Every structure is written in structure tokens, then in C-alpha cells.
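> When the letters of the sequence shown are read in order and numbered with our numbering, they come out as residues 8 to 216.
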Amino acid sequence: MQGVTVVDHPLVQHKLTLMRDKERSTKGFRQLLNEIGMLLCYEVTRDLPIERIQIETPMTTMEGAQIAGKKLVLAPILRAGVGFLDGMLTLVPAARVAHIGLYRDPESLQAVEYYFKAPSDLADRMVLVLDPMLATANSAVAAIERLKERGAKDLRFVCLLAAPEGIERLRSAHPDVHIWTAAIDERLNDHGYIVPGLGDAGDRMYGTR
Ligand code: PRP
Ligand code: URA
């Protein structure tokens, strides 16, 4: 599928199956989301530009590689997107963080914003938008619009599960934003939930149901 990368690494797929299990505890769900966050971060940063620098080892001088350009911005969509954050910050500890507070109105399924705080220089940075669930894509489209209004030009979207409907909507609203996901599920149900899915990611992560 154009503009979409499915991360089919066995570790990701194994952990995702554990997360889907309705008997998984809140603690287990959160831990697995954190671990998959790390693995997805590894994949989504695979093509970051590298520059050569001169360093001295205890033995000699050599040319080493380092990531070029400004630090990344990780932009979790609250609440569930925060589940990816710790794992990704473990791998990219100097990243900046933009918090985007959105919830989905249960009737209209439209995204309602309640918080937004981002670094001021988004135009100069790559922004990874994080949310485990891409269902209707209303939340992802709204978050990306908001980041673009604030200057972001180079964005990537990272999720755990995507519905075909959500991929189509996000790709048509923001064709410049590539999507990384661990799986593409069958469909949305009448309430906008992903099937087979894993239920409500925020509730499962925080134990709020
Ligand atoms: C969930 C999920 C996404 C959104 C996806 O959040 O974490 O943000 O729904 O659905 P969409 O693609 O149809 O917009 P929710 O609104 O339940 O908020 P929460 O994370 O605070 O529970
Ligand atoms: N949000 C969730 O948390 N789960 C879904 O299946 C759809 C939206």
C-alpha cells in the first residue's frame, strides 16, 4: 500500500498479539506498548540522515557517524499516544516532545482538542506523530493539521493498528505524511472501533474502564 509501512518484525507481531488478548493486564498492556514503541522507533528512524565526524578512540582517530540535523520532535496524541513515548525517548533521549490533547466525541467521532503544547521551531524538525490507533483518522488528521499550522513540514505518523478506512482518510488529507503501523486490521465497526483491534487503547493503558 502506497505511503504505508507495515512493521512485520516477529518481535512486534508477537507483542501485538499479547496486547490484543482481552485478558492482558493494564500493567502488561502498558509494558508491551512501551516495548513496541521502541521497536517502531527503530524502524521509523531507519533513514535519518547521517554525517561524518572525526573522533578519537583510545587507540587512534577515526571518522564516526552521527545523526545530522536538528533533534526530532515526538508528538503523542493524548492519552494513548503517551504509551509510545517512554520507549521512543529511551532510544532518542534528546528528542523534543509536543503534547496534543484530543478526544473522540463518542457520537460524532469528531476529534475535540483540549490541549496543545509544542516546541516553537517545528519548521526545522522532523515530527513523529504517535497514536496507537488509527481508526476513522479524525484524530490523526486534526493533530497533523494543528502541527502544520504551527509550521511543521516534515511529519511521519506512527501507530500500532490501522483500519483501512483510516489509512485512506489520512493519506488523502495529508499525502505527504507516511504511515508506520504494526498491522492493518479488517475494518471499523458501527461505533468507529477497529475490528478485530484491541478495544479502547487509552482505557486499557490506564485501566479506566
Ligand atoms: C483513541 C485513540 C486515538 C483515537 C483514534 O483516543 O487513542 O486517538 O481514538 O480514533 P480516530 O482515528 O477515529 O480518531 P480517544 O479519543 O479514545 O481518547 P483517549 O486516548 O484519551 O482515550
Ligand atoms: N480508539 C481506540 O482506542 N480503539 C479503537 O478501536 C478505535 C479508536
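Beta carbons are placed, not taken as given, at the ideal position from N, Cα and C, and that holds for glycine.
In this text, all values refer to a predicted model and were calculated from it rather than measured experimentally.
Straight-line CA distance for Glu50 to Ala189?
For this step, residue 50 is matched to residue 43 along the sequence shown. For this step, residue 189 is matched to residue 182 along the sequence shown. Rounded to whole angstroms, Glu50 to Ala189 spans 11 Å at the Cα level.
> Any idea which residues DSSP pairs Ala190 with across the strands?
Numbered from 1 along the sequence shown, position 183 holds the residue referred to as residue 190. DSSP, once it has assigned bridges, lists Leu168 as partnering Ala190.
> If contacts are defined as beta-carbon pairs under 8 Å, then Gly71 and Ile84 qualify, I think. What distance do you get, rounded to the angstrom?
Taking the first residue of the sequence shown as position 1, residue 71 is located at position 64. Taking the first residue of the sequence shown as position 1, residue 84 is located at position 77. Not a contact, Cβ separation roughly 35 Å.
> Does the stretch 133-145 come close enough to the stretch 159-168 to have 3 or more Cβ pairs within less than 8 Å?
At 8 Å Cβ cutoff, the stretches touch.
> Would you decide whether Gly76 is buried or exposed? Buried here means 16 or more other CB atoms lie within 10 Å of its CB.
Taking the first residue of the sequence shown as position 1, residue 76 is located at position 69. Classification of Gly76: exposed, given that the 10 Å Cβ count is below 16.
> Where the beta carbon is closer than 7 Å to any heavy atom of the ligand PRP, which residues qualify, in chain order?
Ile84, Leu85, Arg86, Ala87, Gly88, Leu109, Tyr110, Arg111, Leu116, Ala118, Asp138, Pro139, Met140, Leu141, Ala142, Thr143, Ala144, Asn145, Ser146, Ala147, Gly173, Gly199, Asp207, Ala208, Gly209, Asp210
> Val134 to Glu120, Cα distance in whole Å?
For this step, residue 134 is matched to residue 127 along the sequence shown. For this step, residue 120 is matched to residue 113 along the sequence shown. Spanning the two alpha carbons is a distance of roughly 19 Å.
> Can you have a look at Lys22 and say buried or exposed, based on whether 16 or more other CB atoms are within 10 angstroms of its CB?
Your numbering for residue 22 matches position 15 in the sequence shown. Around the C-beta of Lys22, 16 or more other C-beta atoms lie within 10 Å, and the residue is accordingly described as buried.
> Below 8 Å, how does it come out for the stretch 110-128 and the stretch 90-98: are there three or more Cβ pairs, yes or no?
no
> Where do the N-terminal and C-terminal ends of the beta strand (DSSP E) with Thr67 fall, by residue?
One-based indexing of the sequence shown puts residue 67 at position 60. It is not in any beta strand (DSSP E) - Thr67 carries neither H nor E in the DSSP assignment.
> Put Leu39 into one of helix, strand or coil per three-state DSSP.
To locate residue 39, count along the sequence shown from 1; it is residue 32. DSSP places Leu39 in helix when its eight states are reduced to three.
> Jot down the residue ranges of each uninterrupted alpha helix (DSSP H) in the stretch 132-163, minimum 4 residues, whole runs only, in chain order.
145-156
> Is there at least one non-hydrogen atom of the ligand URA closer than 7 Å to the beta-carbon of Gly204?
By one-based count along the sequence shown, residue 204 stands at place 197. Yes.
> Within 10 Å of its beta-carbon, does Asn217 have 16 or more other beta-carbons around it, so buried, or fewer, so exposed?
Residue numbering for the chain in the displayed model covers 8 to 216; residue 217 lies beyond these limits and cannot be assessed.
> I need the DSSP call for Tyr200, collapsed to helix, strand or coil.
By one-based count along the sequence shown, residue 200 stands at place 193. DSSP, read as helix, strand or coil, puts Tyr200 in coil.
> Could you check where the alpha helix (DSSP H) with Pro17 kicks off and where it finishes?
Here residue 17 refers to the residue found at position 10 of the sequence shown. Start and end: 17-27.
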